[in-house]
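Numbering that gives the first Met the number 0 puts the last residue of the sequence shown at 403; the count rises by one with no breaks. Ideal Cβ positions, reconstructed from N, Cα and C, are used throughout, including at glycine. Notes follow once the structure below has been shown.
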Amino acid sequence: MLTADLVHARRSKGVLSLTKLNAEKRARALVLAEQLHDIALSHVGQTRGELLEAWDTIRVGAREKKLADGMRKLIDDGLVFEVSVDADPVALRKEVFELATARRKALDEEARFSRDAVLAEVAEARGITPEALEKGLYGDLKSAHVLTAVSAPPPSALVEGYDLEQARAVLLRATKVRVKIRGASPGALRTLFRKLKFQRLLHRLTRAGDGGFLLEIDGPFSLFESVTKYGLQLAIALPAITACGQWELEADVRWGKQRNAMTFRLEGDARPDGGEVPERLPDEVQELLERFADRKGPWSAATADEIVEIPGVGLSVPDLAFSHADTGEVILLEVMGFWSRDAVWKRIELVEKGLEQKMLFAVSKRLRVSEEVLGDDVPGGLYVYKGKMSPKQIEQKLEALATR
Numbered sequence: 000m001l002t003a004d005l006v007h008a009r010r011s012k013g014v015l016s017l018t019k020l021n022a023e024k025r026a027r028a029l030v031l032a033e034q035l036h037d038i039a040l041s042h043v044g045q046t047r048g049e050l051l052e053a054w055d056t057i058r059v060g061a062r063e064k065k066l067a068d069g070m071r072k073l074i075d076d077g078l079v080f081e082v083s084v085d086a087d088p089v090a091l092r093k094e095v096f097e098l099a100t101a102r103r104k105a106l107d108e109e110a111r112f113s114r115d116a117v118l119a120e121v122a123e124a125r126g127i128t129p130e131a132l133e134k135g136l137y138g139d140l141k142s143a144h145v146l147t148a149v150s151a152p153p154p155s156a157l158v159e160g161y162d163l164e165q166a167r168a169v170l171l172r173a174t175k176v177r178v179k180i181r182g183a184s185p186g187a188l189r190t191l192f193r194k195l196k197f198q199r200l201l202h203r204l205t206r207a208g209d210g211g212f213l214l215e216i217d218g219p220f221s222l223f224e225s226v227t228k229y230g231l232q233l234a235i236a237l238p239a240i241t242a243c244g245q246w247e248l249e250a251d252v253r254w255g256k257q258r259n260a261m262t263f264r265l266e267g268d269a270r271p272d273g274g275e276v277p278e279r280l281p282d283e284v285q286e287l288l289e290r291f292a293d294r295k296g297p298w299s300a301a302t303a304d305e306i307v308e309i310p311g312v313g314l315s316v317p318d319l320a321f322s323h324a325d326t327g328e329v330i331l332l333e334v335m336g337f338w339s340r341d342a343v344w345k346r347i348e349l350v351e352k353g354l355e356q357k358m359l360f361a362v363s364k365r366l367r368v369s370e371e372v373l374g375d376d377v378p379g380g381l382y383v384y385k386g387k388m389s390p391k392q393i394e395q396k397l398e399a400l401a402t403r
C-alpha cells in the first residue's frame, strides 16, 4: 500500500485533490512497473540488498521519482523474503566470534590468523557450507534477507489500480468518511457490509432522500489508539465501496507534516470489470457458523442475507440467521464484539421500543454491558461473551427469544 508521501495530490482552499495518472504518465508507469517486476523475478534467490541495487540502476527522471517510488513500494509489498539459514544469526555470530577469539589466542607470534579457516570450522560443525554460513551471519539484517517469491500483481494491474491506491493512502489520514451511494445492487450492499464488519470499522448506513444511501465511517485519526491498524482496515475496505454503483466520497483528513485539516473528495461508478469484492465473514462469526453446524438440535444457522432497517440506527446486515426446524421461526444475530458501548445502548433502546424482527445481539464482555438490561418481554436479547462465542449458550438464548 502506498504511504502518504507517495501520493500525488494538490491542495487548494482546504480541499485535497488527487492528481490522477494521465495517458502519458500511465504509459511511463507501465514501463517502470515492468522493469521493476522483471528485475524482481530475475533476483529470486538473491538478497534484498542485491535487488535494491539492481532497482537503483533504472533511470528515473526527477519529475517521475515519486511515481517510480510508488511502483517500487507496491511491488515490494508483494515480495516474499526469508532468512538465508535456519540458525539464529545472533547465535551464529556468537559462535564464530568466540572461536575466532580462541584461535587468535592460540596463534604463535609469527602465525597469521585465518578468517576463512574459522568460518570453515564452524560451517563443518553445523553441516553447512562456509558460503551459507557467511550469509547467515547477518541474516537478521533486512538487506540480507533472501527473495524467495514474487507475488505482486502484474504490471498492468498495478497501473490500472494506481489511482485507487492513492485514495487508500489518503484515507489512512481520515477522521471521518462520508459516502453517498446510488444504484447499488443488494449484493453489492451486502458485500460492503460484510467488508466493513470484517475490517471492524465503526460505521452507519442510512437511506438518503433520493433513493440512495449515506455511509458514514469513523476514520483512524478519530481514535486515540490503534490508528495505523484501523487506517489500514479502512483503506482495505475502499474497493467494496467503489463496487457500489455510483458513489461520492468525502473525507475529513489530516494532511501534511502539520496534519492540517482538509477535505478529500472522490467519486466514480462501479468498477468497469463489474466484479464485486468477495464476501467474507469475520473470523469469529465464521467459526461460530461452523461450530453450530456440528450441533444436533432444532436450530440451524446460515449467513444472513436480509438488509434490516433499524429505526434510529440505520441499515444493518445481521451476521447470521437462525431457523427453527419445527416452527420455521427465524431469529437474526448481529455480532458487536468491536463496536462502542454507545452503539450497543442504541440497540438496547430500540429493542425496548419494539422490533419487527426478533434479534439477538452478541456483545463482547470488554464493552461492560450486562445481559440483564433487557427484560424478558421484548423482541430482542443480549448475549455477552468473553473470547469465543458458545453455540450452546446462543441456542439457549434463541430458545428464550422464541417464546416471546
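Counting C-beta pairs closer than 8 Å gives three or more between the segment 164 to 181 and the segment 243 to 255, which meets the contact rule. If you draw a straight line from the Cα of Arg290 to the Cα of Gly353, it comes to about 31 Å.
Residue state for Ala116 is assigned as helix, using DSSP reduced to three classes.
Lys179: member of the beta strand (DSSP E) spanning Ala173 to Arg181, first to last residue. Leu5 sits away from Gly60, with the two beta carbons spaced by 8 Å or more. Per the coordinates, the alpha-carbon of Ala239 lies some 15 Å from the alpha-carbon of Phe212. Per the Cβ contact rule, the segment 155 to 169 is in contact with the segment 29 to 39 (3 or more Cβ pairs under 8 Å).
In the DSSP assignment, Gln245 falls within the beta strand (DSSP E) that extends over Gln245 to Trp254. Our two residues, Trp54 and Ala143, have alpha carbons roughly 16 Å apart in a direct line. If only complete runs of 4 or more residues are kept, the segment 63 to 131 shows the alpha helix (DSSP H) at 64 to 75, 88 to 105 and 114 to 125, in order along the chain. Around the beta carbon of Gly255, fewer than 16 other beta carbons sit within 10 angstroms, so the residue counts as exposed. Rounded to whole angstroms, the Cβ separation of Leu188 and Ala236 is 13 Å, and the two are not in contact under 8 Å. The shortest CA-to-CA distance from Ala399 to any of Val377, Tyr384, Val383 and Ser389 is the one to Val377. Counting every other CB atom within 10 Å of its CB across the protein chains shown gives Arg172 a total of 16 or more, marking it as buried.
Per DSSP, Tyr137 lies in no alpha helix (DSSP H) and is assigned neither H nor E. If you keep only unbroken beta strand (DSSP E) runs of at least 3 residues inside the segment 292 to 341, you get 298 to 302, 307 to 309, 313 to 315, 319 to 323 and 329 to 335.
Listed in chain order, the non-local C-beta contacts of Met388 below 7 Å within the same chain comprise Glu283, Leu287 and Ala361, local neighbours out to five positions each way being set aside.
Between Asp162 and the set Lys19, Gly77 and Asp304, the nearest pair of CA atoms involves Lys19. Here His202 is bridged, per DSSP, to Ile216. By the C-beta density criterion, Phe96 is exposed, having fewer than 16 other C-beta atoms within 10 angstroms.
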